[in-house]
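Asker:
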Amino acid sequence: KMKILILIFTIFLSNLCFAKTIEFENYKVVNLGYISISKNMEIQAGKYKKISEAYQKEIGKRFGYEISSDRTVFQQKGLNDFEKSGFSSYARVIVETDISNYGDYEKLTTHYTATQNELKLLDRELKKEMQSIFSGTGLKLISWQGISITKINGRTALKVSYIRQLNNNPYVWVDMYQFQNNDRLHRLTLSYRLSDEKIWKPLFSQVSKSFFITNVR
Numbered sequence: 003k004m005k006i007l008i009l010i011f012t013i014f015l016s017n018l019c020f021a022k023t024i025e026f027e028n029y030k031v032v033n034l035g036y037i038s039i040s041k042n043m044e045i046q047a048g049k050y051k052k053i054s055e056a057y058q059k060e061i062g063k064r065f066g067y068e069i070s071s072d073r074t075v076f077q078q079k080g081l082n083d084f085e086k087s088g089f090s091s092y093a094r095v096i097v098e099t100d101i102s103n104y105g106d107y108e109k110l111t112t113h114y115t116a117t118q119n120e121l122k123l124l125d126r127e128l129k130k131e132m133q134s135i136f137s138g139t140g141l142k143l144i145s146w147q148g149i150s151i152t153k154i155n156g157r158t159a160l161k162v163s164y165i166r167q168l169n170n171n172p173y174v175w176v177d178m179y180q181f182q183n184n185d186r187l188h189r190l191t192l193s194y195r196l197s198d199e200k201i202w203k204p205l206f207s208q209v210s211k212s213f214f215i216t217n218v219r
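Quick note on numbering: the sequence shown equals residues 3 to 219 in the working numbering.
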């Protein structure tokens with residue numbers, strides 16, 4: 003038992019130390035707030051961004067759902083220049099905002115809660131909606147980790163976690179946070195290849211904790 007405890011503690015420390023050796027850069031997201039991204043990632047730009055956006059729009063059009071135009075994507079470094087190293091892993095931090103009408107959502111400052119029954123009902127509906135969105139796209143829902151209500155920097159968010167797969171590609175872990183803000187809904191989505199969890203999980207823990215919405219509606 004002592005050996006097992008030492009091994010677990012060693013793994014925890016190695017992950018923590020790795021996260022600390024990677025520097026972070028602060029970004030201001032227009033009309034939203036701030037987020038810190040590890041420097042082994044880059045903001046999606048150039049030809050790669052055009053290709054990615056064209057693909058997203060085509061998929062959205064084909065399967066009848068809308069892609070937010072207010073969307074910022076961070077990815078593993080090297081993809082923008084199509085470097086070989088950029089394709090050795092998969093990681094995304096996506097910040098999106100859907101704008102609606104005044105009062106359609108709770109205020110950002112509202113610390114809402116839900117009963118266990120309400121969470122179960124919402125969990126079931128969101129899982130069904132996710133499966134419907136994935137249908138026919140090549141995406142498969144491998145494992146549904148469920149939903150919870152959490153707080154990031156004092157802002158209440160609905161957190162959804164699941165594992166997905168695109169065609170025969172490696173499994174991807176996804177954490178998505180939804181923040182209601184009166185006339186808009188903000189989404190912070192963190193995803194990484196499950197086989198690279200030791201690299202990205204500790205980094206993304208810091209990324210999510212850094213997310214701060216200043217545009218209170």
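The C-beta atom is built at its ideal place from N, Cα and C for all residues, glycine as well. Nothing here was measured: the structure is a model prediction, and the numbers come from that model.
#1: Rank I135, Q182, R166 and W146 by C-alpha distance to the C-alpha of T152 and give the top, closest one.
#2: Please state the DSSP three-state secondary structure of L34.
#3: Return the bridge partner residues of M43 from the DSSP annotation.
#4: R189 by DSSP, collapsed to three states: which one?
#5: With a CB to CB cut of under 6 Å and the five nearest residues on each side skipped, what residues in its chain are close to L168?
#6: Give the range of the beta strand (DSSP E) segment to which E98 is assigned.
#7: Straight-line CA distance for F206 to L192?
#8: Taking the alpha carbon of L160 as the reference point, which residue from V176, S150 and I154 has its own alpha carbon closest?
#9: Going by DSSP in three states, I201 sits in which element: helix, strand or coil?
#10: Between the alpha carbons of E85 and S40, how many angstroms are there, rounded?
#11: If you draw a straight line from the C-alpha of I201 to the C-alpha of Q208, how long is it?
#12: Excluding the five sequence neighbours on either side, which residues of its own chain have a C-beta within less than 8 Å of the C-beta of G105, listed in chain order?
#13: I believe F214 touches L190 by the beta-carbon criterion, under 8 Å. Please report the beta-carbon distance rounded to the nearest angstrom.
Answerer: Taking the coordinates as given:
#1: For this step, residue 152 is matched to residue 150 along the sequence shown. The residue with the shortest Cα to Cα distance from T152 is Q182.
#2: Numbered from 1 along the sequence shown, position 32 holds the residue referred to as residue 34. Residue state, collapsed to three classes: coil.
#3: As a position in the sequence shown, residue 43 is number 41, starting the count at 1. Answer is Q78, bridged to M43.
#4: Working through the sequence shown from its first residue, we reach residue 189 at position 187. Strand, per DSSP.
#5: If you number the sequence shown from 1, residue 168 lands on position 166. Shown here for L168: same chain residues with a beta carbon closer than 6 Å to its own, the five before and five after excluded, namely G140 and L141 in chain order.
#6: Taking the sequence shown and counting its residues from 1, the one referred to as residue 98 is at position 96. E98 -> beta strand (DSSP E) spans A93 to I101.
#7: Within the sequence shown, numbered from 1, the residue matching residue 206 stands at position 204. Within the sequence shown, numbered from 1, the residue matching residue 192 stands at position 190. Looking at the two C-alpha atoms, the distance is approximately 7 Å.
#8: The count along the sequence shown starts at 1 and reaches residue 160 at position 158. For L160, the nearest C-alpha among the options comes from S150.
#9: Your numbering for residue 201 matches position 199 in the sequence shown. Correct three-state label for I201: helix.
#10: As a working mapping, residue 85 is identified with position 83 in the sequence shown. As a working mapping, residue 40 is identified with position 38 in the sequence shown. Cα to Cα, E85 sits roughly 19 Å from S40.
#11: Here residue 201 is taken as the residue at index 199 of the sequence shown, counted from 1. Here residue 208 is taken as the residue at index 206 of the sequence shown, counted from 1. I201 and Q208: Cα-Cα distance of roughly 12 Å.
#12: Translated into positions along the sequence shown, residue 105 becomes position 103. Answer for G105: N184 and D185, listed in chain order.
#13: Taking the sequence shown and counting its residues from 1, the one referred to as residue 214 is at position 212. Taking the sequence shown and counting its residues from 1, the one referred to as residue 190 is at position 188. Not really, about 11 Å apart at Cβ, beyond 8 Å.
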